[in-house]
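For reference, the structure is listed below as structure tokens.
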Amino acid sequence: MIMIFGIPGPLLFGQLLLGLINGAFYAMLSLGLAVIFGMLNIINFAHGALFMMGSFAAWMLLNYVGIGYFPSLILAPLLVGIIGVVLEKLVISRLYKLDHLYGLLLTFGMSLVIEGLFRNGYGSSGLPYRIPDILQGAVNLGFMYMPIYRGWVVVAALVVCLATWAIIEKTSLGATLRAATENAPLVQAFGVNVPRLVTLTFGGGVALAAFAGVLAAPIYSVNPNMGDNFINTVFAVVVIGGMGSIMGSIISGFGLGVIEGLTKVFYPQASATVVFLVMVIILMVKPRGLFGKTA
Amino acid sequence: MFGFSRTQSIAFVVMVALIVICPYVLYPVFLMRVLCAALFACSFNLMIGYVGLLSFGQAAFFGMGSYVAAWTIKAWHVDASIAIIFGGLTGAVLGLVLGYLAIRRSGIYFAMITLALAQMVYFFCLEAPFTGGEDGIQQVPRGHMFGIIDLNNDMAMYWVTAAVFIGGFLLVHRIIHSPFGQVLKGIRENEPRATSLGYRTDDYKLIAFVLSCTLAGVAGGTKALVFGIATLTDVHYSTSGEVVLTTLLGGLGTVFGPAMGAVVVTSMENYLAQFGAWVTVTQGAIFCVCVLAFRRGIIGELGALFKISL
Chain G
818 MIMIFGIPGP LLFGQLLLGL INGAFYAMLS LGLAVIFGML NIINFAHGAL FMMGSFAAWM
878 LLNYVGIGYF PSLILAPLLV GIIGVVLEKL VISRLYKLDH LYGLLLTFGM SLVIEGLFRN
938 GYGSSGLPYR IPDILQGAVN LGFMYMPIYR GWVVVAALVV CLATWAIIEK TSLGATLRAA
998 TENAPLVQAF GVNVPRLVTL TFGGGVALAA FAGVLAAPIY SVNPNMGDNF INTVFAVVVI
1058 GGMGSIMGSI ISGFGLGVIE GLTKVFYPQA SATVVFLVMV IILMVKPRGL FGKTA
Chain Z
-18 MFGFSRTQSI AFVVMVALIV ICPYVLYPVF LMRVLCAALF ACSFNLMIGY VGLLSFGQAA
42 FFGMGSYVAA WTIKAWHVDA SIAIIFGGLT GAVLGLVLGY LAIRRSGIYF AMITLALAQM
102 VYFFCLEAPF TGGEDGIQQV PRGHMFGIID LNNDMAMYWV TAAVFIGGFL LVHRIIHSPF
162 GQVLKGIREN EPRATSLGYR TDDYKLIAFV LSCTLAGVAG GTKALVFGIA TLTDVHYSTS
222 GEVVLTTLLG GLGTVFGPAM GAVVVTSMEN YLAQFGAWVT VTQGAIFCVC VLAFRRGIIG
282 ELGALFKISL
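So the protein sequences, as listed, match chains G and Z.
Here the first sequence is numbered in our numbering, starting from 818 and rising by one per residue.
Here the second sequence is numbered in our numbering, starting from -18 and rising by one per residue.
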């Protein structure tokens, strides 16, 4: 057996993979938060609840309609994204002229309502979601056995993150979006429908969270609190990365997941707190975050 | 004397009268819960209402105050007053450390940082041996106050809790109406200008934060004595959310708002408890309604209606 720093290789790589998976979720969620924050200037506290809704949407599609995992990967984000668009249109859009903190409070209230409703309907114990047959099993990579589904999650998350980055940084839609983030009235003067752009951005960010939710469904049991467990850590990730850059969110998400995984190997007691400790250090050294531009 | 206006003095007298009368009509333990929640909300209001910083991590100070007070009285058999003071000191020290980090950013970031730091405290409490993990510290004796008042009597405990609340309430009011408090309001309105006038705004913010956390620790310590228990719920972020709701519902930046909010929120929890998760749904819905249509809160709306400042 290979030993690395006195740790058996398979254990180290296993935890690294787990770290990468957590990191994939951090990256997708913090990416959504950053995109929404850039356009709407609100922190979407309901992001965790919408992530959870994505998971439940996949579960419901399977159990009520009989639609399997792969169609759900597209349908669930679409459904939850539509819910997000409705929420933005009906409720959140009323707050743009107020202090940003009201947006935080409103979305916090929304998350309580959503989670409470799901807890009433489905209890807190969690519902199982089967890994699709084609992604069952494990492959031998030589240095470790990798469950195929876990590898798939990392790859899928990476692809979606990079696609989002490409849309925002490389397409004309993305250019309009970035321009509207910088100076909305001016972009509106050029004839762009900025309110619609804002709505679509919120819907897109929410769909990202829901996509992460579908990916998470077979790994964690589908339960109303699953967003709660993630969202606080994701806030720390956002503070560490700073919300200025898309690539920054992706890198800090994956990076912190890996750090968390490594901590589980070398000092398990601190694995839950290590992300927050990193945040403390970053705040002391570079208060604006690693990739942050604005205060 | 404490900078009360005429109407505020009348409101204060009414509040004290209610505190005196209520235990003869209502269940004292429920009232003590209201008073602890009210003091906790007053401490939070000091930050959001007068410095304009939304701390989403107040549960860390409340909960640690609760743990330390419970632990000192159970393990060291100290006087109840000492336990409550230890609770407050814990809040102060923790507030100094976390506040030093958090005030580097403001606005939304301040809220997220305090939330994340509080989450760190939560995980610490989950792992640390002295907190009892999932079980918490149970069967905490109430002991004696100043060595003579036996707190096992609910009424004695009630008067002590009432005294702690009124003391904290007056302290917050005194702070706000001191020259120090005026500087805080100046920072809230226009921080660059306060800096240009020569005020070290970070120092002012930090001191205000520490004071707020101290009171949160006192509230937590008192709560631990009242119920004889300190648990992970006290440090969980839902507790932070609840104190935000309490203050928002009562009226941010009003003198009597936090107390009013505590009455409503605690009663609601008490009477809706049988409906399980509907409590959460109701709280969330109230949050949304408050933010969308009712931003001044109950006391703020009343004040606006009668054109007085409460």
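Every residue gets a Cβ at the ideal spot worked out from N, C-alpha and C, and that includes glycine.
- Between L273/Z and E108/Z, the alpha-carbon positions lie close to 39 Å from each other.
- Taking 8 Å as the cut-off, the Cβ atoms of R947/G and L834/G do not count as close.
- Counting only the Cα atoms, S290/Z lies some 43 Å from M870/G.
- Beta-bridge partners assigned by DSSP to A955/G: P964/G.
- Shown here, D60/Z sits in coil according to DSSP, grouped into three states, outside any helix or strand.
- For the region 1068 to 1090 of chain G, the set of positions with a beta-carbon nearer than 8 Å to some beta-carbon of chain Z reads Q1086, A1089 and T1090 in chain order.
- For the region 1031 to 1046 of chain G, the set of positions with a beta-carbon nearer than 7 Å to some beta-carbon of chain Z is empty.
- Against chain Z, the CB of M1096/G has a partner CB under 8 Å away; the residue lies at that interface.
- In this structure G149/Z is in contact with C23/Z, their Cβ atoms being roughly 6 Å apart against a cut-off of 8 Å.
- Annotation for N251/Z: the continuous alpha helix (DSSP H) segment containing it runs G238 to L253.
- One finds nothing in chain Z with a Cβ atom closer than 7 Å to the Cβ of E905/G; even the nearest lies about 14 Å away.
- Here the alpha carbon of I984/G sits roughly 7 Å from the alpha carbon of L990/G.
- Here A851/G is near I1063/G, since their CB atoms are less than 8 Å apart.
- Taking the beta carbon of Y919/G as reference, the chain Z residues within 8 Å of it are V272 and R276, listed in sequence order.
- Looking at V246/Z, I280/Z, G257/Z and A285/Z, the one whose alpha-carbon comes closest to that of R14/Z is V246/Z.
- Taking the C-beta atoms as reference points, L846/G is found nearer than 8 Å to A1026/G.
- Taking 9 Å as the upper bound on Cβ-Cβ separation, chain G lies near no residue of the region -6 to 12 of chain Z.
- Closest option to V191/Z, judged by alpha-carbon separation, among N134/Z, G72/Z and G114/Z: G72/Z.
- In this chain, the alpha helix (DSSP H) harbouring Q1005/G covers A1001 to A1006.
- Looking from the CA of V121/Z, the closest CA among A258/Z, V262/Z, K288/Z and T212/Z belongs to T212/Z.
- Nearest C-alpha to L918/G among L34/Z, T112/Z and V270/Z: L34/Z.
- As DSSP reads the structure, H125/Z sits in a beta bridge with D131/Z.
- Distance from C17/Z to K204/Z at the Cβ level is roughly 4 Å; contact confirmed, criterion being Cβ atoms closer than 8 Å.
- Counting only the Cα atoms, A1034/G lies some 8 Å from A875/G.
- Note that the region 1077 to 1092 of chain G does not touch the region 888 to 901 of chain G; fewer than 3 beta-carbon pairs, one per stretch, sit closer than 8 Å.
- Using a Cβ distance threshold of 8 Å, P9/Z and Y139/Z count as a contacting pair.
- For G117/Z, the closest alpha carbon among the candidates Y81/Z, C271/Z and Y48/Z is that of Y48/Z.
- Rounded to the nearest whole angstrom, the CA to CA distance from L70/Z to I63/Z is 10 Å.
- Judged by DSSP secondary structure, A866/G falls within the alpha helix (DSSP H) whose first and last residues are H864 to M877.
- Flagged as an interface residue toward chain G: M101/Z, by a C-beta distance shorter than 8 Å.
- When the beta-carbon positions are compared, A61/Z and L206/Z come within less than 8 Å of each other.
- Within 7 Å of the CB of A97/Z, the CB atoms of chain G belong to N1049, F1052, A1053, V1056, F1093 and M1096, in sequence order along the chain.
- Collapsing the DSSP output to three states places I1099/G in a helix.
- Within the DSSP bridge table, the entry for M820/G names P825/G as partners.
- According to DSSP, I118/Z shares a beta bridge with A211/Z.
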